[in-house]
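What follows is one structure encoded as structure tokens, with my remarks underneath.
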Amino acid sequence: MLQDFPEEYEDKSGMRTVSGTVTLAKNEQNLIGISIGGGSPYCPCLYIVQLYENTPALNCENLQCGDEIVAVNGVSTKGLTKTELAKCIQDENSKVTIQYNKLICDTKRGKTLDIKLKKMKHKIIEGMEPTTADALGISRAVLCNDSLVRKLEDLSQKAKLAKGIVLRTIRSMKILQARISGHDQMAAAFKSIAGRDSNHQSYLDLAKIHEIMRTADRELIDKTKPIISDIIVFTDTIIPDARLTVKKYADVKFEYLSYCLKIKEMDDEESECIAFNEPLYRVETGNYEYRMVLRCRQSSREKFQNMRKDVLEKLELVDAKFQAEFPDLIRTILELRAEHAANIAKIENHLDIFPIEADLDQQTFEYGSSSEDDPVALDALSKELDSIELHEDCEKIENSDTLINFD
508 MLQDFPEEYE
518 DKSGMRTVSG
528 TVTLAKNEQN
538 LIGISIGGGS
548 PYCPCLYIVQ
558 LYENTPALNC
568 ENLQCGDEIV
578 AVNGVSTKGL
588 TKTELAKCIQ
598 DENSKVTIQY
608 NKLICDTKRG
618 KTLDIKLKKM
628 KHKIIEGMEP
638 TTADALGISR
648 AVLCNDSLVR
658 KLEDLSQKAK
668 LAKGIVLRTI
678 RSMKILQARI
688 SGHDQMAAAF
698 KSIAGRDSNH
708 QSYLDLAKIH
718 EIMRTADREL
728 IDKTKPIISD
738 IIVFTDTIIP
748 DARLTVKKYA
758 DVKFEYLSYC
768 LKIKEMDDEE
778 SECIAFNEPL
788 YRVETGNYEY
798 RMVLRCRQSS
808 REKFQNMRKD
818 VLEKLELVDA
828 KFQAEFPDLI
838 RTILELRAEH
848 AANIAKIENH
858 LDIFPIEADL
868 DQQTFEYGSS
878 SEDDPVALDA
888 LSKELDSIEL
898 HEDCEKIENS
908 DTLINFD
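Sequential numbering of the sequence shown, starting at 508, is according to my numbering.
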């Protein structure tokens, strides 16, 4: 196919190049930190495929993936293979001067429908087994070893624990609220009885005890509410915000992996054509499409690395906040409950108002003709009522698990 075009023909697909020169100092391994692609006999130009981390080529900020290498120390690279160019760079001394043609392209053009479909594919297989993903031809190296996802899962488990504690505490507060209403009603009832009974002091004491218990319950609720609010801020605001941030990070990560997969497919296509000795148009005309995808991958990788760093710092701050504050909040709730229980027990231990004398009408326990006709049954019923200890029954009701169902 190449003979159908002029010798210097290049299909730039709307892209352009700008010439430049850069001098790089080699590192201790005698490398400048680039990976080379293209070259004779299949491609008319040599270009940069990858810039390695912490190397002179990446640190100089002039070279980018997809840039064409025109000359090294004034020696043209035209007609060289990528292996010969690599040897030429290695044979130089401590410094290498590279003349290059910088590729000017819009990375938005590289975000094609194929990339979007690959991105969606990565999202779908995120929860798959590695064997299933390998069968689909998608690398899971970054997915399986992503510490950020594991850290988010750990935070989600902690948030679930905190939310469970909040729900149970709120339920117990509702029970306390109902008990406060009961104390109010009991206090009002005993005061009403005291106003009509000769033994009014005992009923007034009972009313006062219910008022004291109501006050203790109210204080526990008022002191617990701010603590619950702080925990709810963590479970309903901080964790969802962190989850949204990780979701954005995952979107960038999937895009980067999609470009990696696209490049692998293009490499496989090129290798297949070489194996069958068939010319590939894009390779013979400068491989600009491939070089644009390389640039897109580099741009996506930089965005991915920056966001990963930011997300990691954010998750560490959230985790540190949880570790520092959550145990103290739970400890405070337990201390408040223990103090409340001790106060209630102290009140009950000093409860000395029984038995209570009551002025009852002669007809009080007459429930029908059977009672009037059976004085023995009436006498037995009166004795049974006199034997009931009210404070023990109240204690049984308060300690009953059936009233506090957390499930």
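For each residue, glycine too, the CB sits at the ideal point set by N, CA and C.
Just so you know, these numbers come straight off a predicted model, no measurement behind them.
Among residues of its own chain, excluding the 5 on either side of residue i, which ones have a beta-carbon nearer than 8 Å to its beta-carbon?
i           : result
residue 593 : 543
residue 697 : 710, 711, 713, 714 and 717
residue 753 : 655, 656, 659, 818 and 822
residue 571 : 555, 558, 609, 610, 802 and 805
residue 519 : 793 and 795
residue 547 : 586, 587 and 588
residue 583 : 577
For the beta strand (DSSP E) that residue i lies in, which residues bound it at each end?
i           : result
residue 604 : 602-611
residue 547 : Neither: residue 547 is in no beta strand (DSSP E) and is coded neither H nor E.
residue 796 : Run containing residue 796: none in the beta strand (DSSP E); it sits in the alpha helix (DSSP H), 795-856.
With residue i as the anchor, note down where its alpha helix (DSSP H) starts and where it stops.
i           : result
residue 751 : 746-782
residue 565 : 563-566
residue 620 : 620-631
residue 741 : No alpha helix (DSSP H) contains residue 741, which DSSP labels as neither H nor E.
residue 676 : 654-701
residue 521 : Careful: residue 521 lies outside any alpha helix (DSSP H) and carries neither H nor E.
residue 589 : 589-598
residue 614 : 614-617
Identify which residue in the options has its Cα closest to the Cα of residue i.
i           : options               : result
residue 566 : 857, 518, 530 and 728 : 530
residue 834 : 735, 695, 598 and 558 : 735
residue 837 : 801, 676, 757 and 715 : 676
residue 589 : 552, 616, 613 and 608 : 552
residue 763 : 668, 776, 830 and 627 : 627
residue 793 : 540, 527, 585 and 528 : 585
residue 744 : 732, 814, 662 and 770 : 662
residue 842 : 727, 708 and 568      : 727
residue 549 : 701, 690 and 791      : 791
residue 723 : 830, 517 and 844      : 844
residue 674 : 725, 731, 622 and 623 : 731
residue 747 : 670, 681, 776 and 678 : 670
residue 684 : 721, 695, 701 and 694 : 721
residue 756 : 785, 810 and 707      : 810
residue 545 : 766, 668 and 789      : 789
residue 615 : 766, 562 and 695      : 766
In whole angstroms, give me the CA-to-CA distance for residue i and residue j.
i           : j           : result
residue 778 : residue 601 : 34 Å
residue 630 : residue 639 : 14 Å
residue 741 : residue 666 : 8 Å
residue 469 : residue 699 : Given a span of 508 to 914 for the chain in the structure shown, any question on residue 469 remains unanswerable.
residue 816 : residue 738 : 27 Å
residue 768 : residue 617 : 13 Å
residue 879 : residue 688 : Unreliable positioning characterises residue 879 in this predicted model, as indicated by a pLDDT of 49, which lies under 50. A coordinate reading is not provided.
residue 814 : residue 850 : 53 Å
residue 619 : residue 636 : 28 Å
residue 725 : residue 703 : 30 Å
residue 622 : residue 678 : 50 Å
residue 564 : residue 672 : 54 Å
residue 831 : residue 653 : 25 Å
residue 733 : residue 839 : 11 Å
residue 680 : residue 686 : 10 Å
residue 825 : residue 633 : 24 Å
residue 591 : residue 784 : 22 Å
residue 759 : residue 820 : 17 Å
residue 506 : residue 540 : For the chain, the structure presents residues 508 to 914; residue 506 sits outside this window and is missing.
residue 749 : residue 523 : 41 Å
residue 927 : residue 729 : The question about residue 927 has no answer here: the residues shown for the chain are numbered 508 through 914.
residue 534 : residue 664 : 46 Å
Check the DSSP bridge columns for residue i and list the partner residues they point to.
i           : result
residue 526 : 608
residue 792 : DSSP output for residue 792 lists no bridge partner at all.
residue 575 : 554 and 608
residue 728 : DSSP output for residue 728 lists no bridge partner at all.
residue 736 : DSSP lists no partner for residue 736.
residue 531 : 603
residue 541 : 558
residue 583 : 578
Is there at least one Cβ from chain D nearer than 8 Å to residue i's Cβ?
i           : result
residue 600 : Among the chains of the structure shown, chain D does not appear; only one protein chain is present.
Among residues of its own chain, excluding the 5 on either side of residue i, which ones have a beta-carbon nearer than 6 Å to its beta-carbon?
i           : result
residue 560 : none
residue 521 : none
residue 604 : 530 and 580
residue 595 : 579
residue 773 : 797
residue 511 : Low confidence applies to residue 511: its pLDDT is 49, below 50, so where it sits in the model is not reliable enough to give any reading.
residue 799 : 612 and 617
residue 517 : 792 and 793
Cutting at 7 Å between CB atoms, please list the residues of its own chain near residue i, excluding the five before and the five after it.
i           : result
residue 597 : 537
residue 719 : 854
residue 574 : 554, 555, 607, 608, 609 and 610
residue 569 : 527 and 529
residue 847 : 723 and 727
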